[in-house]
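Chains L and A supply the protein sequences, listed in that same order. Note that the UniProt record's numbering numbers the first sequence so that position 3 is 3, with each residue one more than the last. Note that the UniProt record's numbering numbers the second sequence so that position 60 is 60, with each residue one more than the last. C-beta atoms are modelled at their ideal positions from N, C-alpha and C, and glycine is treated no differently. Data block below; observations after.
There are 2 protein chains.
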Amino acid sequence: MALELSCTRAEADQKQLTRCRETLRMSSNSINTIGKVLALAGNETRLKILFLLNKEGELCPCDFSDILEMTVPAISQHIRKMKDAGLITSRREGQTLYYSLVKGQSEVLEGIFSRLQENKKVA
Amino acid sequence: MALELSCTRAEADQKQLTRCRETLRMSSNSINTIGKVLALAGNETRLKILFLLNKEGELCPCDFSDILEMTVPAISQHIRKMKDAGLITSRREGQTLYYSLVKGQSEVLEGIFSRLQENKKVA
DNA sequence: TCATTATATAAGCAAATGCTTAAATAAATT
DNA sequence: AATTTATTTAAGCATTTGCTTATATAATGA
């Protein structure tokens, strides 16, 4: 890939470009972290799971399978990704695993939930 | 797919399951819309583009290509998705197309930007 | 201990994603 | 009119994603 390292537009504002690069560099950790959360929540099934956990407190894979009309393994795999990312956690009660949101783990998500619950125009 | 239509757990709270289904049904439009926005913003390149547009007002594909060190067609294809979704719009000035955020199109995104700019702990 | 139940994991596969390179538009310049 | 520049579009391809089915693990109960 022979990438042009510089915009050849005569009007290109080099100071702006430098500033932008610096902005990204400064926020790269946040961008990376938030990007992962958004990618997880950007799947409709996972968004529903997160939304329901926010509303109901805790639910088990079997519940989600029933509510979302999906197989348990499909649910389980979505849950795993969110657990790996630290968004949700589990509590065992006998054979049943109850999942819940890890509070304070994502203010971004909480902002989304409040919007969803208010049923506001979101986009 | 022979899907069990009901959780067989003895402890399954049928009222809760019904309530959850209803919750999703009520919010299905919002969930769908917000899900699409999150899926778009859940790509690191697109998140950076949106973030920079929020900060700088407007930028052209050539700028992004330079800043993000990616080919112009790669940028252009990301831009197209966001334009199709109504998140961004363009203004032509000669050969150059300046892209900018469609204001008020996603409060969710605006919430994310403010968090990114404050460089707060996001997740 | 053996079967049942709840969940997780693994392997396989089709569809979606995100890049690449090449070609097409559109506007400006010569 | 021909060339250059900015951008888009298209085709191709490797990677990722999200399901499926089959199997493994863990806890309960007969």
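- Distance from the CA atom of residue 64 (chain A) to the CA atom of residue 100 (chain A), rounded to whole angstroms, is 12 Å.
- If the five residues before and after residue 81 (chain L) are omitted, its C-beta is found closer than 8 Å to the C-beta atoms of 40, 46, all from its own chain and listed in chain order.
- For residue 89 (chain L), the enclosing beta strand (DSSP E) covers residues 88-93.
- Put simply, the backbone Cα of residue 49 (chain L) is about 20 Å away from that of residue 33 (chain L).
- In this chain, the beta strand (DSSP E) harbouring residue 100 (chain L) covers 96-101.
- Looking only at L:79, L:76, L:29, L:71, the smallest Cα-Cα distance to residue 118 (chain A) is reached by L:29.
- Contact between residue 116 (chain A) and residue 20 (chain L) does not hold, since the beta-carbon distance rounds to 13 Å and is not under 8 Å.
- The residues 60, in chain order, have a CB closer than 7 Å to that of residue 96 (chain A) in the same chain once the five nearest residues on each side in sequence are set aside.
- For the region 27-41 of chain A, the set of positions with a beta-carbon nearer than 8 Å to some beta-carbon of chain L reads 27, 30, 31, 32, 33, 34, 35, 36, 37, 38, 39, 40, 41 in chain order.
- For residue 85 (chain L), no alpha helix (DSSP H) segment is defined, and its DSSP state is neither H nor E.
- A residue is called buried once 16 or more other Cβ atoms fall within 10 Å of its Cβ, and residue 36 (chain A) is buried on that count.
- Residue 56 (chain L) is not a Cβ neighbour of residue 14 (chain A), given a cutoff of 8 Å.
- Around the beta carbon of residue 66 (chain L), 16 or more other beta carbons lie within 10 angstroms, which makes this residue buried.
- Shown here for residue 12 (chain A): not one same chain residue has a beta carbon closer than 6 Å to its own, the five before and five after excluded.
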